[in-house]
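Chemist: Here it is, the structure in full.
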Amino acid sequence: MTDKIAKYIKEEVANEPLTELDMQEDLLGSGIIDSVGMMKLVLFLENEFDVKIGPSDMTVENFLNLNSIESFLLKRKQETG
1 MTDKIAKYIK
11 EEVANEPLTE
21 LDMQEDLLGS
31 GIIDSVGMMK
41 LVLFLENEFD
51 VKIGPSDMTV
61 ENFLNLNSIE
71 SFLLKRKQET
81 G
């Protein structure tokens, strides 16, 4: 799961070319993703992992880094199971 997300971020939404992306790297705070990139990422996650992400879900806690995104998606999939 995180491999797909990391690949998408590196290839489609990163503000500058990335060869690596650490699981704990702050995606927004470090400037890897901006607000437009975040919207693209949310659409990708909804389509790729068949989840619905509402405005109240778009929090720093859920989208801080790859680990938090993965945890959020796993929790969401369990809720909708």
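Read in order, the letters of the sequence shown correspond to residues 1 to 81 in UniProt numbering. For glycine and all other residues, C-beta sits at the position ideal for the given N, C-alpha and C.
#1: My output table needs one value for residue 35: the three-state DSSP class, helix, strand or coil.
#2: Going straight from the alpha carbon of residue 76 to that of residue 57, what length do you get?
#3: Give the straight-line distance between the Cα atoms of residue 19 and residue 50, rounded to the nearest whole angstrom.
#4: Leaving out five residues before and five after residue 14 in sequence, what residues of the same chain have Cβ atoms less than 6 angstroms from its Cβ?
#5: Tell me whether residue 43 is buried or exposed, calling it buried when 16 or more other Cβ atoms sit within 10 Å of its Cβ.
Modeler: Looking at the coordinates:
#1: helix
#2: Residue 76 and residue 57: Cα-Cα distance of roughly 10 angstroms.
#3: In a straight line, the C-alpha of residue 19 is about 27 angstroms away from that of residue 50.
#4: 32
#5: exposed
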